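To start, the structure itself, in structure tokens.
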Amino acid sequence: MKELFKKIIFLLSLSIFMANFLHSQSARNSCLSCHLELEGSLAAPAQSFSRDIHAQFGLSCASCHGGNPLKEEIEEAKDRSFKGRFSRQAIPELCASCHADANYMRNYNPSIRVDQFELYLTSRHGQAYKKGDLKAAICTDCHGVHQIQRANMPQSSIFPWNLAATCSRCHSDPDLMKPYGLATSQEEDYRVSVHAQALYEKKDLSAPTCNDCHGNHGALPPGVSSIANVCRQCHPSQAELFTLSPHKKAFDEARISECEICHGNHRITSPSAEMLAGGKQDLCLQCHASDSTPYQKAFKLREKFNSLQSHIESLSSRLNQVAKKGVETSEARYELQQAHSFFLEARNLIHGLSFSEIEEKIKASGDKLNLVDNLVLAAEKEIRYRKTGLVIATTFLFLLALALLLKVRERRNRV
Numbered sequence: 099m100k101e102l103f104k105k106i107i108f109l110l111s112l113s114i115f116m117a118n119f120l121h122s123q124s125a126r127n128s129c130l131s132c133h134l135e136l137e138g139s140l141a142a143p144a145q146s147f148s149r150d151i152h153a154q155f156g157l158s159c160a161s162c163h164g165g166n167p168l169k170e171e172i173e174e175a176k177d178r179s180f181k182g183r184f185s186r187q188a189i190p191e192l193c194a195s196c197h198a199d200a201n202y203m204r205n206y207n208p209s210i211r212v213d214q215f216e217l218y219l220t221s222r223h224g225q226a227y228k229k230g231d232l233k234a235a236i237c238t239d240c241h242g243v244h245q246i247q248r249a250n251m252p253q254s255s256i257f258p259w260n261l262a263a264t265c266s267r268c269h270s271d272p273d274l275m276k277p278y279g280l281a282t283s284q285e286e287d288y289r290v291s292v293h294a295q296a297l298y299e300k301k302d303l304s305a306p307t308c309n310d311c312h313g314n315h316g317a318l319p320p321g322v323s324s325i326a327n328v329c330r331q332c333h334p335s336q337a338e339l340f341t342l343s344p345h346k347k348a349f350d351e352a353r354i355s356e357c358e359i360c361h362g363n364h365r366i367t368s369p370s371a372e373m374l375a376g377g378k379q380d381l382c383l384q385c386h387a388s389d390s391t392p393y394q395k396a397f398k399l400r401e402k403f404n405s406l407q408s409h410i411e412s413l414s415s416r417l418n419q420v421a422k423k424g425v426e427t428s429e430a431r432y433e434l435q436q437a438h439s440f441f442l443e444a445r446n447l448i449h450g451l452s453f454s455e456i457e458e459k460i461k462a463s464g465d466k467l468n469l470v471d472n473l474v475l476a477a478e479k480e481i482r483y484r485k486t487g488l489v490i491a492t493t494f495l496f497l498l499a500l501a502l503l504l505k506v507r508e509r510r511n512r513v
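Counting with my numbering, you get residues 99 to 513 for the letters of the sequence shown.
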């Protein structure tokens with residue numbers, strides 16, 4: 099019995115020793131320990147790698163660079179498998195050696211896509227890469243090198259509110275873009291767009307940024323025929339209306355990009371009636387003569403839209419004033435919201451150019467505004483009535499107080 103007990107103790111001790119030994123061996127990384135003793139660019143990779151997603155999953159320097167991190171001597175650590183610094187041309191295939199291997203990637207994330215490299219080769223970047231263009235964007239230009247973060251981490255270079263700046267590192271460089279004949283104002287234009295306002299000011303992560311329109315690994319500039327399909331991913335109602343409009347056939351025949359010709363691309367501002375005929379941003383003149391029937395119809399619509407907009411803003415202001423003075427406004431606010439909804443529907447119907455439907459919505463909005471106007475007038479009348487009552491009551495109380503004061507003085511004088 100004692101012998102059996104001794105054997106059990108021995109085996110347990112051996113197991114603990116081996117576990118500690120293996121742990122120390124797996125934790126040892128001569129690459130990090132050596133580079134952390136260096137300075138500048140030689141120390142930077144080791145300092146940042148602990149925050150890298152690959153390190154978090156247990157991968158080490160040797161996973162990419164080869165070598166033997168268990169050896170302390172440089173000559174032994176840099177064995178035959180050591181690769182050291184990679185050329186730009188070698189990096190995409192290096193990343194793909196893991197990220198395009200479904201069986202390997204399944205060990206870390208069963209749902210992750212493994213077609214990134216395949217898509218990259220179809221992109222404008224990948225096409226240039228295949229031709230040997232050393233300036234073509236590769237994996238590390240977008241994702242970084244030794245401090246790569248998950249895409250859904252705010253610190254990631256490809257997180258939605260960081261992505262425009264990441265793309266801009268290349269696309270805002272005049273010297274880099276000049277050989278390709280590409281503009282460099284895309285980020286500057288995007289930053290003032292309605293999409294950027296939603297992303298940066300409202301923190302709406304569903305707002306589109308570069309990759310939502312251009313793609314990511316398979317990035318390509320949208321062609322004339324595909325721009326509308328890009329926009330319709332977020333704006334299906336407008337796209338459906340435009341497809342049924344007379345503009346659709348004319349634009350297709352002239353090979354005009356549907357959405358871009360009126361709304362622009364990177365510098366997309368909030369739409370307004372001023373984009374219609376006679377407005378400050380008159381877009382109709384691009385195709386229509388000012389004396390043409392379509393232009394005149396659009397001119398009248400702009401006037402009606404501006405009138406509705408002014409009426410809505412005026413009533414909203416009056417309602418706020420009424421509410422501050424304590425009058426119930428919930429019914430009026432509901433009706434005003436309905437009027438505004440009809441107004442927005444009318445504006446949206448511009449994409450379909452069905453003037454009868456537009457006029458119907460304009461009338462519906464106008465009718466609601468008239469109802470709200472009456473409700474506001476009644477509320478304002480109520481305020482005047484309250485003010486009058488307050489003045490009368492205050493005057494009565496003042497006179498009563500004065501009479502009491504005089505009566506008191508009279509009695510004191512008698513005494």
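Ideal Cβ positions, reconstructed from N, Cα and C, are used throughout, including at glycine. Bear in mind that the values here come from a model prediction, so they are computed numbers and not experimental data.
My understanding is that C196 touches M203, with C-beta atoms under 8 Å, so please give their C-beta distance in whole angstroms. Here the question's residue 196 lines up with position 98 in the sequence shown. Here the question's residue 203 lines up with position 105 in the sequence shown. C196 to M203, Cβ: 7 Å. Contact.
Which one of S452, Q247, S221, L434 has the shortest CA to CA distance from S463? Taking the sequence shown and counting its residues from 1, one reaches residue 463 at position 365. That would be L434, whose Cα lies nearest to the Cα of S463.
Limits of the alpha helix (DSSP H) - the one that C311 falls within: Here residue 311 is taken as the residue at index 213 of the sequence shown, counted from 1. Here the alpha helix (DSSP H) through C311 covers 308 to 312.
Do you know offhand how far F340's Cα is from A348's? As a first step, residue 340 is located in the sequence shown; it is residue number 242 there, counting from the start. As a first step, residue 348 is located in the sequence shown; it is residue number 250 there, counting from the start. Their backbone Cα atoms lie some 11 Å apart in a straight line.
Distance between E478 and D310 (C-alpha atoms, nearest Å): In the sequence shown, counting from the first residue as 1, residue 310 sits at position 212. In the sequence shown, counting from the first residue as 1, residue 478 sits at position 380. Between the C-alpha atoms of D310 and E478 there is a straight-line separation of about 49 Å.
Determine the DSSP secondary structure at S131, reduced to helix, strand or coil. As a first step, residue 131 must be located in the sequence shown, where it is residue number 33. S131 falls in the helix class under three-state DSSP.
Among R186, E173, N166, P190, which has the Cα closest to the Cα of S179? What you label residue 179 is simply residue 81 of the sequence shown in a count that begins at 1. Closest option to S179, Cα to Cα, is N166.
Inter-residue CB distance, K181 and G164 (contact presumed, cutoff 8 Å): Translated into the one-based positions of the sequence shown, residue 181 becomes position 83. Translated into the one-based positions of the sequence shown, residue 164 becomes position 66. Between K181 and G164 a beta carbon distance of about 5 Å is seen, short of the 8 Å cut, so the two are scored as contacting.
Given 8 Å, three or more beta-carbon pairs between the region 438 to 450 and the region 389 to 406: Enough Cβ pairs lie closer than 8 Å, so yes.
State buried or exposed for G40, treating a residue as buried only when at least 16 other CB atoms are found within 10 Å of its CB. As displayed, the chain neither begins before 99 nor continues past 513, which places residue 40 out of reach and without an answer.
For the alpha helix (DSSP H) containing F441, name the first residue and the last one. Here the question's residue 441 lines up with position 343 in the sequence shown. Run containing F441: 428 to 446, per the alpha helix (DSSP H) assignment.
Distance CB(S291)-CB(T367) smaller than 8 Å: For the purposes of this step, residue 291 is taken as the residue at position 193 of the sequence shown. For the purposes of this step, residue 367 is taken as the residue at position 269 of the sequence shown. Taking C-beta atoms as the reference points, S291 and T367 count as a pair closer than 8 Å.
Helix, strand or coil: which one does DSSP assign to N207? Position 109 of the sequence shown, counted from the start, is the residue given in the question as residue 207. N207 carries a coil assignment under DSSP once its states are collapsed to helix, strand and coil.
Pick helix, strand or coil for E401, following the three-state DSSP scheme. The residue you call residue 401 lines up with position 303 of the sequence shown. Here E401 carries a helix assignment [DSSP, helix/strand/coil].
If you reduce the DSSP assignment to three classes, tell me which class E216 lands in. The sequence position of residue 216 within the sequence shown is 118, counting from 1. E216: helix per DSSP, three-state reduction.
Measuring only the C-alpha atoms, how far is L136 from G279? Locating residue 136 in the sequence shown gives position 38, counting from the first residue. Locating residue 279 in the sequence shown gives position 181, counting from the first residue. Each residue's alpha carbon lies about 42 Å from the other.
Hey, L381 and C360 are a contact pair by Cβ (cut 8 Å); roughly how many whole angstroms apart? By one-based count along the sequence shown, residue 381 stands at place 283. By one-based count along the sequence shown, residue 360 stands at place 262. For a cut-off of 8 Å, the C-beta gap from L381 to C360 is around 5 Å, short enough to register as a contact.
Residue of L413, P143, F397 minimising C-alpha distance to V470: Indexing the sequence shown from 1 puts residue 470 at position 372. For the residues L413, P143, F397, the minimum Cα distance to V470 belongs to L413.
By DSSP, does R316 sit in helix, in strand, or in coil? Here residue 316 refers to the residue found at position 218 when the sequence shown is read from its first residue. A quick correction: the sequence has Gly, not Arg, at residue 316. In this structure, DSSP gives G316 a state outside helix and strand, which the three-state scheme calls coil.
Under 8 Å between C-beta atoms of Q336 and H449: For the purposes of this step, residue 336 is taken as the residue at position 238 of the sequence shown. For the purposes of this step, residue 449 is taken as the residue at position 351 of the sequence shown. Annotated as proximal: Q336 and H449, with beta-carbon spacing under 8 Å.
Can you look up K423 in the DSSP assignment and give me helix, strand or coil? Position 325 of the sequence shown, counted from the first residue, corresponds to residue 423. K423 falls in the coil class under three-state DSSP.
What distance in whole Å lies between the Cβ atoms of H364 and Q284, which are believed to be in contact at a cut-off of 8 Å? Numbered from its first residue, the sequence shown carries residue 284 at position 186. Numbered from its first residue, the sequence shown carries residue 364 at position 266. With a Cβ gap of about 5 Å, Q284 and H364 count as contacting.
Start-to-end residues for the alpha helix (DSSP H) that takes in H269: Position 171 of the sequence shown, counted from the first residue, corresponds to residue 269. H269 -> alpha helix (DSSP H) spans 258 to 269.
Tell me, to the nearest whole angstrom, how far the beta carbon of C237 is from that of T264; I am working on the premise that it is less than 8 Å. Walking along the sequence shown from the start, residue 237 turns up at place 139. Walking along the sequence shown from the start, residue 264 turns up at place 166. T264 and C237 do not touch by the CB rule: their CB atoms are close to 12 Å apart, not below 8 Å.
Note down the Cα distance separating S221 from A352, rounded to an integer number of angstroms. Position 123 of the sequence shown, counted from the first residue, corresponds to residue 221. Position 254 of the sequence shown, counted from the first residue, corresponds to residue 352. So the two alpha carbons sit approximately 27 Å from each other.
Cα-Cα separation between N118 and S131, rounded to whole angstroms: In the sequence shown, the residue the question calls residue 118 occupies position 20. In the sequence shown, the residue the question calls residue 131 occupies position 33. Unreliable placement is indicated for N118, whose pLDDT of 42 sits below 50; the coordinate value is still reported in the next sentence. Note on geometry: alpha-carbon atoms of N118 and S131 lie some 20 Å from one another.
Chain-order list of residues whose beta-carbon lies under 8 Å from that of V212 (same chain, five-residue window excluded): Along the sequence shown, one-based indexing puts residue 212 at 114. Apart from sequence neighbours up to five positions away, the residues of its chain that approach V212 with a beta-carbon distance below 8 Å are H197, A198, D199, A200, M203, ordered along the chain.
Which residues bound the alpha helix (DSSP H) around T341? For the purposes of this step, residue 341 is taken as the residue at position 243 of the sequence shown. First-last of the alpha helix (DSSP H) with T341: 334 to 341.
Where D389 falls: helix, strand or coil (DSSP): Taking the first residue of the sequence shown as 1, we reach residue 389 at position 291. Here D389 sits in coil by DSSP.
Contacts around Y206, its chain only, beta-carbon distance under 8 Å, and the 5 residues preceding and following it disregarded: Looking up residue 206 in the sequence shown gives position 108. Around Y206: F155.
Give me the residue from E455, S148, E372, L168 with the minimum Cα distance to S343. Along the sequence shown, one-based indexing puts residue 343 at 245. If we check each option's Cα against that of S343, E455 comes out closest.
Determine the extent of the alpha helix (DSSP H) in which Q223 is found, giving its start and end residues. For the purposes of this step, residue 223 is taken as residue 125 along the sequence shown, with counting starting at 1. Per the sequence shown, the amino acid found at residue 223 is His instead of Gln. Note, H223: alpha helix (DSSP H), 222 to 228.
Out of E458, E299, K300, V328, point me to the one whose CA is closest to C308's CA. In the sequence shown, residue 308 corresponds to position 210, counting from 1. Looking at the Cα atoms, V328 is the closest of the given residues.
Pick out whichever of S370, L261, A476, S428 has its Cα sitting closest to the Cα of E443. For the purposes of this step, residue 443 is taken as residue 345 along the sequence shown, with counting starting at 1. Looking only at S370, L261, A476, S428, the smallest Cα-Cα distance to E443 is reached by S370.
Rounded to whole angstroms, what is the Cα-Cα separation between A430 and L467? Reading the sequence shown from its first residue, position 332 is the one you call residue 430. Reading the sequence shown from its first residue, position 369 is the one you call residue 467. Between the alpha carbons of A430 and L467 lies a distance of about 9 Å.
Straight-line Cα distance separating K459 from N472: Mapped onto the sequence shown, residue 472 falls at position 374. Mapped onto the sequence shown, residue 459 falls at position 361. Approximately 20 Å, taken between the alpha carbons.
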